[in-house]
Amino acid sequence: MMLIVSKGCALIRLGQQEFTVTAGQGFFIPFDCLHAMTVLPGTQYHTVAFSARLTSPVCREAGYFTVTPLIGAVANTLASAQKRGDELPMTGESGNLLRVLGDQVAKLKVKTPSIAPGLAAEHLPVLTQLIQGDRVTNNEAADVVAAYVGFSAKEIQTCLLMREALRLSRSGRNVEQIAEALHTSPALITAMAEPILGESL
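So the sequence shown is numbered by my numbering: it starts at 1 and just counts up by one.
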């Protein structure tokens, strides 16, 4: 899967690491790579999935890639042509564009220099604390991280709290049990579910 973020931030979990993909960045995930994706509210992004049945070579590693003008233009055109949820046909203009994208994916060079390329190394521990839900005491570094991802520390923590609430809900727990497990109030969980998750718990 090819992910391109044009606004906001998405988090890609691979094993124990969670990578931030911010505006202007691309991230590639091979079809057989176990991963989880969290898209923060208001984020605008494109994804293109590639079938395991493709005969042409496809990048076999996960990581960040450079969104070239060609890749960006093709992804935008495909997004405009696609109706929500519909698969694009491999015929006509969309087929030609998908083949161009396939050619680009065959030549893709990916890298994972850090969990947040573009963020200074001294600020990475604070980003990790935020993602793990730990308390952050370095407010100056938290402000730098917030500017990088486009969300305040509080917004990131609330979104990830609700991600965990959704996981617990899917395992059969009710709102009271979820709130207890997450050391918060049932009222907060209920109030935040719709605006952040797009559904009630």
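Beta carbons are placed, not taken as given, at the ideal position from N, Cα and C, and that holds for glycine.
1) Leaving out five residues on either side along the sequence, give the residues of the same chain with a beta carbon under 6 Å from the beta carbon of A81.
2) Could you check how far apart the C-beta atoms of M37 and I12 are, in whole angstroms? I think they sit under 8 Å.
3) Within its chain, find whatever has a CB closer than 8 Å to the CB of L168; leave out the 5 residues flanking it on each side and keep chain order.
4) Residue range of the alpha helix (DSSP H) that M192 falls in?
5) Quick check: what's the CA-CA separation for A75 versus M1?
6) If you draw a straight line from the C-alpha of G42 to the C-alpha of M90, how long is it?
7) Below 8 Å on the Cβ atoms is my contact criterion, and I expect V126 with N138 to pass it. Report the Cβ-Cβ distance as a whole number of Å.
8) Just the C-alpha distance for H46 and T184, rounded to the nearest angstrom, thanks.
9) Where do the ends of the alpha helix (DSSP H) carrying T128 lie?
10) Within 10 angstroms of its Cβ, does Q16 collect 16 or more other Cβ (buried), or is it exposed?
11) Grab the span of the alpha helix (DSSP H) containing V100 for me, first residue to last.
12) Does the structure place the region 187-196 close enough to the region 62-70 that three or more beta carbon pairs sit under 8 Å?
13) Using CA atoms only, rank isn't needed, just tell me which of F50, A187, V145 is closest to C33.
Judging by the given coordinates:
1) S94
2) 6 Å
3) Q177, I178, A181, L182
4) 186-192
5) Whole-angstrom Cα-Cα distance: 13 Å.
6) Looking at the two C-alpha atoms, the distance is approximately 30 Å.
7) V126 to N138, Cβ: 6 Å. Contact.
8) 34 Å
9) 124-132
10) Q16 is exposed by the Cβ-count criterion.
11) V100 -> alpha helix (DSSP H) spans 92-106.
12) no
13) F50
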